[in-house]
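Quick note: the sequence shown uses my numbering, first residue 2, plus one each step. All residues carry an ideal CB built from backbone N, CA and C; glycine is no exception. Accompanying notes for the structure given below.
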Amino acid sequence: MPIKRRRSILFRAGAAAEPLPLPGQTRYTPSMTSDQDIEAPLLARLSELGIAIETHRHPPLHTVADSREMLGALPGAHIKNLFLRDKKRRQWLVTTREDNAVDLKALRHMLGASGNLSFGSAELLKASLGVFPGSVTPFAVMNDTDGLVTMVLDQAVLDRELINAHPLHNEATSAIARDDLLRFLESCGHPPVLINLD
């Protein structure tokens with residue numbers, strides 16, 4: 002079933018909460034939603050770091066196919082995020098290109114995981130990164146204050162100057178400059194492990 006398009010709204014972190022209209026659209030300010038409440042701590046953190054993002058609002062995206070249909074024309078790297086664990090209960094957040102088919106056996110060796118890698122449960126995801134399935138994003142490491150999750154970035158994602166990621170929920174996508182994302186991750190105590198998944 003095709004996704005119904007909703008007006009896309011752009012916001013800049015650190016600016017007043019007034020959207021930037023897309024070409025041909027009029028300016029308006031939506032009411033604060035629970036999703037915008039969810040992203041408020043992220044926007045505050047980015048503002049403290051002097052990092053600007055552009056956020057595009059859309060219907061919930063649950064799959065890579067949804068993302069391609071809705072956001073395919075946006076410039077920058079489009080990503081998918083895998084929340085993984087091994088038998089010793091170590092946890093990783095792996096960010097790669099959305100079109101990359103990840104070989105978990107090969108990835109296990111790259112990460113030095115014990116036994117097979119498996120996807121973490123929704124409960125573990127919420128406890129560790131504070132997000133729900135479908136909303137996994139590199140921004141979520143800000144919620145991992147205990148340092149339980151290792152952030153892993155596919156080098157191919159860093160080949161693009163802009164990276165598109167959910168702002169802690171799946172009803173928006175935020176574009177952030179590559180170097181700003183790296184700075185954000187380091188500020189959260191999660192400097193990424195860089196790997197090549199191609």
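Which of helix, strand or coil DSSP assigns to residue i
i	result
Arg7	Since pLDDT at Arg7 reaches only 39, below the 50 mark, its modelled position is unreliable, and the value read off the structure follows with that caveat. The answer is coil: DSSP assigns Arg7 none of H, G, I, E or B.
Lys89	coil
Ser175	strand
Asn82	strand
Ile164	strand
Asp181	helix
Glu19	In this predicted model, Glu19 has a pLDDT of only 41, less than 50, meaning its place in the structure is not dependable; the value taken from the coordinates is given anyway. Three-state DSSP puts Glu19 in coil, outside helix and strand.
Phe140	helix
Residues of its chain near residue i, where Cβ-Cβ distance is below 6 Å and the 5 sequence neighbours each way are ignored
i	result
Leu154	Thr96, Pro193 and Leu195
Cys189	Val142 and Met143
Ala173	Thr56 and Arg58
Cut-off 8 Å between Cβ atoms - residues of its own chain near residue i, not counting five sequence neighbours on either side
i	result
Leu163	Pro76, Gly77, Ala78, Ala176, Ile177, Ala178 and Arg179
Arg90	none
Residue i classed as buried or exposed, judged by whether at least 16 other C-beta atoms fall within 10 angstroms
i	result
His170	buried
Arg86	buried
Glu40	buried
Gly121	buried
Ser129	buried
His110	exposed
Ala1	Absent from the structure is residue 1, since the part of the chain shown begins at 2 and ends at 199.
Own chain partners of residue i with C-beta closer than 7 Å, once the 5 adjacent residues on each side are dropped
i	result
Lys81	Val65, Thr97 and Glu99
Ser68	Leu62, His79 and Glu99
Gly116	Asp87 and Lys88
Whole-number beta carbon distance between residue j and residue i, since they are thought to touch under 8 Å
i	j	result
Pro1	Leu43	Nothing about residue 1 can be read from this structure; the chain reaches only from 2 to 199.
Ala157	Leu198	7 Å
Leu149	Gln92	6 Å
His191	Asp145	7 Å
Residue i: CB within 6 Å of a non-hydrogen atom of the ligand NAD
i	result
Asp145	In the structure shown, the ligand NAD is absent, as is every other ligand, since no ligand is present at all.
Report yes or no: do three or more beta-carbon pairs, one from the segment 90-105 and one from the segment 127-139, lie closer than 8 Å? yes
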